[in-house]
Structures are given as structure tokens and as C-alpha cells.
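Quick notes on the structure that follows.
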Amino acid sequence: MKYLHRGEEERKSNADALEGREGVVIEEVQPQRSGYVKVDGDEWRAVSADGSLIKRGEKVRIVKMESIVATVERV
Numbered sequence: 001m002k003y004l005h006r007g008e009e010e011r012k013s014n015a016d017a018l019e020g021r022e023g024v025v026i027e028e029v030q031p032q033r034s035g036y037v038k039v040d041g042d043e044w045r046a047v048s049a050d051g052s053l054i055k056r057g058e059k060v061r062i063v064k065m066e067s068i069v070a071t072v073e074r075v
């Protein structure tokens, strides 16, 4: 579809547009298990970028989206 938008910056899908956004952990993200984060009112399954425990209530930033799973880091 790039050829339809020549000269324009590449557009990101909704999930890709979340990269760099900040949110809050609503279900603990454990080293070997995913949890959940809330970003802009939407809940996303999340894993820790460095494999560490991230507790409920901590602020995080989405560093990568793979399908519907967010990879997050503490802010």
C-alpha cells in the first residue's frame, strides 16, 4: 500500500502506534509469565523487556508490540 501514499510518512497500525506510549500495570508482569497493562483506556497483555517483575500500579512504557502482546519497561 505504500505506493498509494507516496511522499507521506509510513503509517502505523493501531497496535504499532502504541510503541512509546505509557501506561500502568493492572495485573503483575512476572519474569516467566505475562500480565496486563492499561494504555489509553485499553488493556493489553504484557511481558517485561528485561524479564524482571513489574508490580501492579507501576508505570511502564511500551517498547515493542508483537501481535497483541506489549513488551514493556518501567518508566
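With UniProt numbering applied, the sequence shown covers 1 to 75.
We put the CB at the ideal spot given by N, CA and C, even for glycine.
A residue is called buried when at least 16 other Cβ atoms come within 10 angstroms of its Cβ; V47 meets this threshold and is buried. Annotated three-state conformation of A17 is helix, per DSSP. With respect to V75, E28 sits apart: the two C-beta atoms are not nearer than 8 Å. As DSSP reads the structure, G41 sits in no beta bridge. Spatial neighbours of I26 in its own chain (CB-CB distance under 7 Å, excluding positions within 5 residues in sequence) are listed in chain order as Y36, V37, K38, E43, R56. The secondary-structure analysis by DSSP pairs G35 across a beta bridge with A46. Here I62 is buried, its C-beta having at least 16 other C-beta atoms within 10 Å.
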